[in-house]
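**Student:**
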Amino acid sequence: MGVVTSQQLLRYYELYRDKEVTFSKEVIKTLNLDPRQVYIKCTDSQWPCIINSTSFQGAKIIIGSKGGAYARLSQEKGTVNLRFCFLQADKQPISFFIGSRVVEITPYMNSPDLAVVSLAYIQRPPDALIECIGKLLEANINAVRRKDERILLSEDAKRKLNLQKEETIVFIDNVPRHCIIRDISFSGAKIILLGIAQFLNQKSIVLRMEFDEPPEMIAIPGRIVKTEQVQGRKDIVVVCIQFDEKHVPMSYKIHINGYLTGIRKK
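According to full-length UniProt numbering, the sequence shown holds residues 1 to 266 in order.
(1) Could you check which residue in Asn52, Lys226, Ile98 has the C-alpha nearest to that of Met109?
(2) How is the alpha helix (DSSP H) around Ile133 delimited, first residue to last?
(3) Whether or not the segment 238-246 and the segment 190-209 are in contact is what I'm after, with contact meaning three or more pairs of Cβ atoms, one per stretch, closer than 8 Å; do they touch?
(4) Taking three-plus beta-carbon pairs below 8 Å as touching, is the segment 132-140 in contact with the segment 170-182?
(5) In angstroms, rounded to a whole number, what distance separates the CA positions of Lys234 and Asn32?
(6) Taking the alpha-carbon of Gln88 as reference, which of Thr43, Ile172, Pro215, Arg11 has the nearest alpha-carbon?
(7) Mind listing, in chain order, the continuous beta strand (DSSP E) runs of no fewer than 3 residues lying wholly within the segment 68-132?
(8) Answer yes if the segment 118-132 comes into contact with the segment 91-99, meaning at least three C-beta pairs across the two stretches below 8 Å, and no otherwise.
(9) Can you tell which of Val144, Ile62, Leu73, Gln7 has the C-alpha that lies nearest to the C-alpha of Thr43?
(10) Are Ile151 and Ser185 close, meaning C-beta to C-beta below 8 Å?
(11) Which whole runs of the beta strand (DSSP E) in the segment 176-224 are 3 residues long or more, in chain order?
(12) Which residues in the same chain have their Cβ closer than 6 Å to the Cβ of Glu104, if we skip the five residues on either side of it in sequence?
(13) Restricting to Cα atoms, I'd like to know which of Tyr12, Tyr259, Gln37, Asp18 is closest to residue 272.
(14) Less than 8 Å between the CB atoms is what I'm expecting for Ile40 and Ile50, so what's the real figure, rounded?
(15) Here's a check: name, in chain order, each residue in its chain whose Cβ is nearer than 6 Å to the Cβ of Lys226, leaving out the five neighbours to either side.
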């Protein structure tokens with residue numbers, strides 16, 4: 001987890017208090033949630049469960065409807081505790097319990113074997129949860145509001161983005177090409193590569209970028225929407241890419257949002 005001020009945590013909590021985040025495969029990967037270390041605990045007993053969604057007010061978990069957890073939670077009138085666990089690169093995982101009460105238990109998608117347990121938190125969640133959920137929600141909102149704000153890839157910008165380098169590989173109609181990234185945004189990028197402008201227009205493209213913290217290679221599909229030859233160089237072309245917004249990874253949005261919100265604070 002990064003360094004976030006208490007004022008920022010309070011802002012996240014107040015803005016997104018009731019916003020529910022569903023734990024899709026992408027969200028689990030982006031937040032580095034360890035599903036194997038998620039439990040629901042009642043006094044001296046605990047059972048593994050699946051976190052279906054959470055807000056800062058409560059969560060929905062999925063359990064088997066024929067086991068001990070279901071029997072116990074169906075009767076429980078007191079406090080139960082939901083355990084989260086987030087992995088960190090080269091560090092100890094962050095784990096914590098949130099005190100909760102059972103609000104409702106219903107079948108999961110009409111399944112006879114699974115049930116959804118709705119929990120209401122009886123305390124404000126730990127800062128670690130507010131931080132990661134707040135960053136995710138803010139990035140999704142700003143990916144729409146600030147989608148066209150471009151970031152020129154100076155050395156300072158690369159450092160703040162945790163982008164390893166501007167030299168990378170693009171795949172144009174599935175053919176790999178070396179290129180240099182000039183700027184990026186939530187919605188697209190501008191790159192420079194060897195080629196002829198007229199032969200690249202409207203081609204499908206996949207741009208790869210290598211980030212740190214966490215270390216990952218992000219590939220974003222899109223389409224070339226504009227090209228122009230570099231003045232005085234018939235063999236070098238500037239290419240403008242529009243990303244396929246449905247396939248922009250959540251982790252990329254968080255990198256871009258972290259940079260843009262950092263600039264705005266100054």
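We put the beta carbon where it would ideally sit given N, CA and C, even for glycine.
**Tutor:** Checking against the coordinates, here is how it stands:
(1) Of the candidates Asn52, Lys226, Ile98, the residue whose Cα lies closest to the Cα of Met109 is Asn52.
(2) Start and end: 127-145.
(3) Of all C-beta pairs linking the segment 190-209 to the segment 238-246, three or more are shorter than 8 Å, placing the two stretches in contact.
(4) With the cut-off at 8 Å, the segment 132-140 and the segment 170-182 do not touch.
(5) In this model, Lys234 and Asn32 are separated by some 46 Å (Cα to Cα).
(6) The residue with the shortest Cα to Cα distance from Gln88 is Pro215.
(7) With a minimum length of 3 residues, the continuous beta strand (DSSP E) runs that stay inside the segment 68-132 are 80-88, 91-107, 114-121.
(8) Flag = yes, the segment 91-99 and the segment 118-132 touch.
(9) Nearest in C-alpha terms to Thr43, of all of Val144, Ile62, Leu73, Gln7, is Leu73.
(10) Yes. Within cutoff.
(11) Complete beta strand (DSSP E) runs here, min 3: 188-194, 204-211.
(12) The residues are Ser118.
(13) As displayed, the chain neither begins before 1 nor continues past 266, which places residue 272 out of reach and without an answer.
(14) The Cβ separation is near 10 Å, so there is no contact.
(15) Contacts found: Cys240.
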